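Under our numbering, the first residue of the sequence shown is numbered 31, with each subsequent residue one higher.
For reference, the structure discussed in these notes is given below.
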Amino acid sequence: MKLNLTKILLIIGGAGLLGYGGYSYWQTSEENTARGAKITDLEQSLVKAGEENNNLLQALNTERSKTGAFEVKISELSSIVGNLQKWSATDPELLRKYSKVYFLSENYAPAQLSSLDPQYLYEKNRTQLIHSGVSGRLGSLLEAAKAEGMNLLILSAYRSFYEQASVKSGYSVTYGAGTSNQFSADQGYSEHQLGTAVDFSTLENGPTFSKFEQATAYKWLTDNAYKFGFALSYPKNNLYYKFEPWHWRFVGVALAKYLHDQSKSFYDLTQRELDDYLITIFN
Ligand SMILES: [Zn+2]
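So, in structure tokens, the structure goes:
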């Protein structure tokens, strides 16, 4: 075999190239593997970071919903406090049933009284007072009645224990004690002492109550008074007094509407049922 130097050099050079090529191929594939591992690491880190993000997001949402629940609790509490304040500020006597066993003390007087507009008084020169919380509603009722051509007038509104006593003795002299007991409450039993009850009449009907049942104004009251929070205290066949079509008591719009819609009277309800309406009486 004849090998010249050039051939030998070519063979050595070729082998070197092959070796280098093999080496660099091996090196590149090593690097690729390392890169692949790095990418996998990075991907894993990303997934992990994503999971952490999710966890953080969940924690944030949990805190947010806790805060939300807390805010709801606070608003619930403040409405309870508001109702309690309203409750404690509302005179419980305003929806009490009066009877021979439960009556107002002679010292009881409404928190605040207002004078009624003389244009609505049967006797223009006599001051008539009404519970200040009721005066606006009564004014609206009288205006609405007037707008529909009714001549409603107030004969009597607030009466103190002593005024009630003198009214009663006046009736007793005129009608005799037996009859007056049927329609004029003994002092202390009267809803007039509350300042929330009114006796209506009309110009035509005058100061006597007898014909008020036939008055169109009475019909108007039975159809409309509840809208202003008034209810007839002593309807026909009640257990307390004789039928008093002229005597209406302010009980608040919600209760008056309930009584009207159910065809019930104030004294048909239990004291417990009535007390539920106390908090909203002036709404
Ligand atoms: Zn009355």
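Beta carbons are placed, not taken as given, at the ideal position from N, Cα and C, and that holds for glycine.
Note that the structure is predicted; figures quoted are calculated from it, not measured.
Query                                                                                                                      : Result
Distance, T92 Cα to I104 Cα                                                                                                : 18 Å
Inter-residue CB distance, T226 and H161 (contact presumed, cutoff 8 Å)                                                    : 5 Å
F258 (DSSP reduced to helix, strand or coil)                                                                               : helix
Chain-order list of residues whose beta-carbon lies under 6 Å from that of F312 (same chain, five-residue window excluded) : G163
Ligand 1 site residues, beta-carbon cut 6 Å against heavy atoms                                                            : H222, A227, D229, H277
Nearest-angstrom beta carbon gap, V281 and L125 [assumed within contact, 8 Å]                                              : 6 Å
Distance CB(S135)-CB(S165) smaller than 8 Å                                                                                : no
Span of the beta strand (DSSP E), counted from its first residue to its last, around R279                                  : 277-280
Which of helix, strand or coil DSSP assigns to D305                                                                        : helix
Proximal residues to Q212 (C-beta, below 7 Å), its chain only, five neighbours per side dropped                            : Confidence in Q212 is poor, its pLDDT being 48 and thus under 50, which makes the residue's placement too unreliable to answer from.
Rounded Cβ spacing between E243 and P275 (contact assumed at less than 8 Å)                                                : 5 Å
CA nearest to the CA of D291, picked from R189, Q74, D253, E221                                                            : D253
Contact check, S190 vs Q158, beta carbons under 8 Å                                                                        : no
Bounding residues of the beta strand (DSSP E) (the contiguous stretch that carries H161)                                   : 159-161
Cβ-Cβ separation, K127 to Y297 (assumed contact under 8 Å), whole Å                                                        : 6 Å
Three-way DSSP call (helix, strand, coil) for I184 in this model                                                           : strand
Bounding residues of the alpha helix (DSSP H) (the contiguous stretch that carries A284)                                   : 283-292
Rounded separation between P140 and A286 - CA only                                                                         : 21 Å
C-alpha distance - G319 paired with S95, whole-angstrom precision                                                          : The chain is shown from 31 up to 313; residue 319 falls before or after that span and cannot be answered.
C-alpha gap between F263 and S220, whole angstroms                                                                         : Checking the displayed sequence, the identity of residue 263 turns out to be Ser instead of Phe. Cα to Cα, the separation comes out at about 11 Å.
CA-to-CA distance, S240 to K257, given in whole angstroms                                                                  : 25 Å
Cα-Cα separation, N84 to S75                                                                                               : 14 Å
Rounded straight-line distance, which links the Cα of L86 to that of R167                                                  : 58 Å
C-beta atoms of L233 and L183 nearer than 8 Å                                                                              : yes
Reference Q301, options G179, K176, S129, E82, closest by Cα                                                               : S129
G218 - DSSP class collapsed to helix/strand/coil                                                                           : The predicted position of G218 is uncertain, since its pLDDT is 44 and thus under 50; no value can be drawn from it.
Closest by C-alpha distance to A261, when choosing among A245, V283, L269                                                  : V283
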